[in-house]
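Respectively, the protein sequence lines represent chains A and B. For the first sequence, our numbering gives the first residue as 26, with consecutive numbering after it. For the second sequence, our numbering gives the first residue as 26, with consecutive numbering after it. One structure is given below, encoded as C-alpha cells.
There are 2 protein chains.
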Amino acid sequence: MATDSTREKILQAAGEQFANDGFAQATIRAICCKAGVNLAAANYYFGDKERLYIEAVKHARRLREKQAPLPNWTDSTPADQKLAQFVLTLLRRMLCEPGDPWQTRLIIREIMEPTKACEEMVQEAFQPLFQVLIDILRELMPETTPLHTLHHWALSVIGQCFYYRANEKILTMLIDGEELRQQFTVEKLSEHITDVILRGLGHLPPMRRLHPVASSRNTDDPV
Amino acid sequence: MATDSTREKILQAAGEQFANDGFAQATIRAICCKAGVNLAAANYYFGDKERLYIEAVKHARRLREKQAPLPNWTDSTPADQKLAQFVLTLLRRMLCEPGDPWQTRLIIREIMEPTKACEEMVQEAFQPLFQVLIDILRELMPETTPLHTLHHWALSVIGQCFYYRANEKILTMLIDGEELRQQFTVEKLSEHITDVILRGLGHLPPMRRLHPVASSRNTDDPV
DNA sequence: TGCCAATGTAAACAACTGTTTGAAACAATT
DNA sequence: AATTGTTTCAAACAGTTGTTTACATTGGCA
Chain A
26 MATDSTREKI LQAAGEQFAN DGFAQATIRA ICCKAGVNLA AANYYFGDKE RLYIEAVKHA
86 RRLREKQAPL PNWTDSTPAD QKLAQFVLTL LRRMLCEPGD PWQTRLIIRE IMEPTKACEE
146 MVQEAFQPLF QVLIDILREL MPETTPLHTL HHWALSVIGQ CFYYRANEKI LTMLIDGEEL
206 RQQFTVEKLS EHITDVILRG LGHLPPMRRL HPVASSRNTD DPV
Chain B
26 MATDSTREKI LQAAGEQFAN DGFAQATIRA ICCKAGVNLA AANYYFGDKE RLYIEAVKHA
86 RRLREKQAPL PNWTDSTPAD QKLAQFVLTL LRRMLCEPGD PWQTRLIIRE IMEPTKACEE
146 MVQEAFQPLF QVLIDILREL MPETTPLHTL HHWALSVIGQ CFYYRANEKI LTMLIDGEEL
206 RQQFTVEKLS EHITDVILRG LGHLPPMRRL HPVASSRNTD DPV
C-alpha cells in the first residue's frame with residue numbers, strides 16, 4: 026500500500042526519538058518532523074501516543090531478533106559451544122551489531138522502566154531466550170543441580186552481557202577510550218564472559234594454578 | 026534553622042518522585058504536594074527543577090553510602106574475603122538494604138540516562154569504588170595480568186550485581202515469586218556472585234569435577 | 001468523467017508544565 | 001514598636017504538549 030510508506034516512516038522516526046528521549050520527553054511533533062509527515066499523521070495511524078510507543082518497541086525488538094538471530098544447533102553441538110554462541114548473540118543484540126543503535130536503546134529503556142509494551146516483549150522474546158539459556162546450562166551442570174542454581178548462573182550470563190550496554194556512558198568515564206575500542210569489542214567481551222562462566226563451572230582450566238590457598242572461605246558443598 | 030525543615034521535606038519528596046517518575050514526568054507540583062509545602066517553595070530553595078534534581082541525586086547517593094558502607098580492611102585481610110564483602114556491599118546498596126527503595130532507583134535512573142548529576146556521582150563515588158575493586162582483583166590474579174583483563178573481571182562483578190536491581194521487574198516475570206523471595210536474597214546472591222568470580226579465577230574448586238572434556242573451545246593462554 | 005473513501009494538511013483546543021510575581025506572615029533585631 | 005530580612009502563599013504567566021477538527025487532496029473505480 027501507499028500508506029505503508031508514511032506508517033513506516035513514523036515507526037522508524039518514533040523508534041529513534043523514543044530511544045533517545047524516552048516516552049515522556051519525545052514529542053509527537055518531533056517524531057512527525059523527523060519522519061517528514063504532518064503532525065496529525067501519527068494520531069491518524071496509531072490512535073494515540075501510547076499505542077505508537079508500543080508499536081515502536083515491538084518493531085525494534087523484531088528487527089533486533091532478525092538482525093542477530095541465534096544459530097541453529099544440532100543435537101551434537103557441544104554445550105560449551107552453544108553457550109559461547111548464545112553469549113555472542115546476546116552481546117550482538119545488546120550492542121546493536123549489526124543494526125541502528127536506537128533499537129536496543131529503546132528496548133533497554135523498556136526493560137528499566139516497563140510499560141504496557143514490556144509484557145509482550147518478555148513473553149515473546151525474553152521468556153523463550155531465558156529457557157534456551159537454562160537448557161544449555163543444564164547440559165553443563167550436574168543433573169541434580171536445583172532450578173534456582175540454574176537461574177543464578179543464567180542471570181550471571183545475562184547480567185554481564187546487559188551491563189556493557191546499559192552502563193555505556195558510565196564506562197566511557199571509567200575506562201580509557203582507546204582501551205574501550207580495542208578490548209571491549211563484541212568478540213572479546215563474549216569470549217571473556219564465556220570464559221568466566223565455563224571456568225566457574227569447571228569446563229575450562231582456571232586462569233591461574235590453584236592458589237597456595239590463602240582462601241578464608243569455607244569450600245564445602247557449592248550448591 | 027527553621028528553613029531546613031521544608032528544604033529537607035522537598036528533598037525527600039523530590040527523591041521519591043524523581044525515582045518513580047523520572048525527571049521529565051515528575052512535576053514540581055506533585056513534589057511540593059507530597060512534601061506538604063507551597064508550589065513556589067521548590068523554586069525558592071533550589072532555583073529551578075534541574076538543580077533540585079541534582080541535589081536529590083546527591084542526597085540519595087550520600088544516604089546510600091552511609092547506610093551501606095564498605096568495611097575497614099587491614100593489610101592482613103585476605104583478598105577473597107575482601108571480594109566477598111565488596112560484592113555484599115554493592116548488592117546491599119543496589120537492593121537498598123537497609124534504606125528506602127527510591128534511593129537506588131534514582132541512582133540507577135541516573136546511570137542509565139546520565140544528566141549533569143552523573144559526572145559528580147561517577148567522580149565522587151563510582152571511580153573510587155571501581156579502583157577498590159581493581160585492587161582486590163589484582164591481589165587475586167597474577168602480577169602480569171594486563172589492565173584490561175582486570176577491567177573485564179571488574180565489570181563481570183559489577184554487572185552481575187547491577188542486574189538484579191536494574192531488571193527487577195523483568196525478573197518477577199521470569200522467575201517464580203516464591204523462589205525469588207527465598208533464593209534471591211542479598212546474602213545468597215552475593216555468595217553466588219563471589220563464587221562465580223573466585224571459581225573462575227581458580228581460588229575455589231570448580232562446581233563439578235573437571236568435565237571428561239567435551240570442550241570444543243581452544244584452551245590456550247586465557248589472557 | 002464523477003463519485004467516494006482514504007489520506008494529508010493547517011489551525012485551533014484544552015490541559016498541563018516550570019517559573020514568576022507581589023503581597024502576606026513570620027522572626028529577629030534595633 | 002518599628003524595621004529588616006526571610007519564608008510562605010495564592011494567583012497568574014508563558015510556553016509546550018497530545019489531541020481534535022474542519023477542510024483540502026489524492027487515487028482508484030463505476
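All C-beta atoms in this analysis are idealised placements derived from N, C-alpha and C, irrespective of residue type, glycine included.
(Q) Less than 8 Å between CB atoms is the rule here; does PHE151(B) satisfy it with respect to chain A? (A) yes
Q.
Please list, in chain order, the chain B residues whose beta carbon lies closer than 8 Å to that of GLN208(A).
A. HIS173, HIS176 and HIS177
Q) When you compare each of ALA65(B), VAL82(B), GLU33(B) and LEU64(B) to GLU144(B) by their alpha carbons, which one comes out closest? A) VAL82(B)
(Q) Run through chain A and tell me which residues come within less than 9 Å of ILE136(B), C-beta to C-beta. (A) ALA191, ASN192, LYS194 and ILE195
Q: Inspect the CB distances between the segment 202 to 216 of chain B and the segment 214 to 226 of chain A and report whether three or more fall short of 8 Å.
A: no
Q: Determine, using beta carbons only, whether ASP246(A) comes closer than 8 Å to chain B.
A: Confidence in ASP246(A) is poor, its pLDDT being 43 and thus under 50, which makes the residue's placement unreliable; the coordinate value appears in the next sentence. No, ASP246(A) does not count as interfacial toward chain B.
Q. Counting pairs of beta carbons, one from the segment 94 to 104 of chain A and one from the segment 130 to 144 of chain A, are three or more of them closer than 8 Å?
A. no
Q) Does the distance from the CB of VAL147(B) to the CB of MET119(A) come in under 8 Å? A) no
Q.
So, under 8 Å CB-CB, ALA109(A) and THR219(A) are touching, yes? Tell me the CB distance rounded to an integer number of Å.
A. 5 Å
Q) Helix or strand or just coil, what does DSSP make of TRP127(B)? A) helix
Q. Do you know offhand how far TRP127(A)'s Cα is from TYR69(A)'s?
A. 24 Å
Q. If you check the beta carbons only, do ALA67(B) and ILE133(B) fall under 8 Å apart?
A. no
(Q) Assess contact between the segment 154 to 168 of chain B and the segment 157 to 170 of chain A, defined as three or more Cβ pairs (one per stretch) separated by less than 8 Å. Is contact present? (A) no
Q. In whole angstroms, what is the alpha-carbon distance linking HIS177(B) and GLN185(A)?
A. 10 Å
Q.
Taking the straight line between their C-alpha atoms, what separation do you get for ARG234(B) and LEU226(B)?
A. Confidence in ARG234(B) is poor, its pLDDT being 44 and thus under 50, which makes the residue's placement too unreliable to answer from.
Q: Flag GLN156(B) as yes when its Cβ comes closer than 7 Å to any non-hydrogen atom of the ligand GTP, and as no otherwise.
A: With respect to small molecules bound, the structure shown includes none, and the ligand GTP cannot be examined in it.
Q | Straight-line gap, PHE43(B) to ILE53(B) (C-alpha atoms, nearest Å) | A | 10 Å
**Q.** Nearest neighbour of HIS173(B), chosen from GLY202(A), PRO103(A) and LEU36(A) [CA to CA]
**A.** GLY202(A)
Q.
Helix, strand or coil, according to DSSP, for LEU172(B) in the structure here?
A. helix
Q: Pull out every residue of the segment 110 to 136 of chain A whose Cβ sits closer than 9 Å to any Cβ of chain B, in chain order.
A: ILE133, ARG134 and ILE136
Q.
Cutting at 6 Å between CB atoms, please list the residues of its own chain near ALA39(A), excluding the five before and the five after it.
A. ILE56, LEU77 and ALA81
Q) Buried or exposed: which applies to ARG130(A), given that a residue is buried once 16 or more other Cβ atoms fall within 10 Å of its Cβ? A) buried
Q. Can you tell which of VAL112(A), PRO103(A) and ARG86(A) has its C-alpha closest to the C-alpha of GLY124(A)?
A. ARG86(A)
Q: Measuring alpha carbon to alpha carbon, tell me which of LEU175(B), ALA150(B) and HIS228(B) ends up nearest ILE195(A).
A: ALA150(B)
Q) Since SER181(B) and VAL221(A) are thought to touch, with beta carbons under 8 Å apart, how far apart are those beta carbons, to the nearest angstrom? A) 5 Å
Q: Give the residues of chain A in contact with ILE200(B), contact being defined as C-beta atoms less than 7 Å apart.
A: HIS176
Q. Exposed or buried, ASP100(B), counting other C-beta atoms within 10 Å across all chains shown (16 or more means buried)?
A. exposed
**Q.** chain A contacts made by the segment 71 to 89 of chain B, where a contact means CB separation under 7 Å
**A.** none
Q.
Considering only their Cβ atoms, is the gap separating GLN50(A) from ALA49(B) smaller than 8 Å?
A. yes
Q: Go to LEU64(A), then tell me how far its alpha helix (DSSP H) extends in each direction, as first and last residue.
A: 64 to 71
Q | Candidates GLY47(B), LYS59(B) and ASN45(B): closest to CYS33(B) by CA position | A | Going by the sequence as given, residue 33(B) is Glu instead of Cys. Looking at the Cα atoms, LYS59(B) is the closest of the given residues.
Q | Distance, LEU115(B) Cα to THR169(B) Cα | A | 27 Å
**Q.** Minimum C-alpha distance to TYR189(B) - residue among PHE71(B), PRO167(B), LEU223(B) and CYS121(B)
**A.** CYS121(B)
**Q.** DSSP three-state assignment for ASN243(A), whether helix, strand or coil
**A.** Note that ASN243(A) scores 45 on pLDDT, short of 50, meaning its location in the model is unreliable and no value can be drawn from it.
**Q.** Residue interval of the alpha helix (DSSP H) (run including VAL112(A))
**A.** 104 to 120
Q: Give the residues of chain A in contact with GLU204(B), contact being defined as C-beta atoms less than 8 Å apart.
A: LEU172, HIS173 and HIS176
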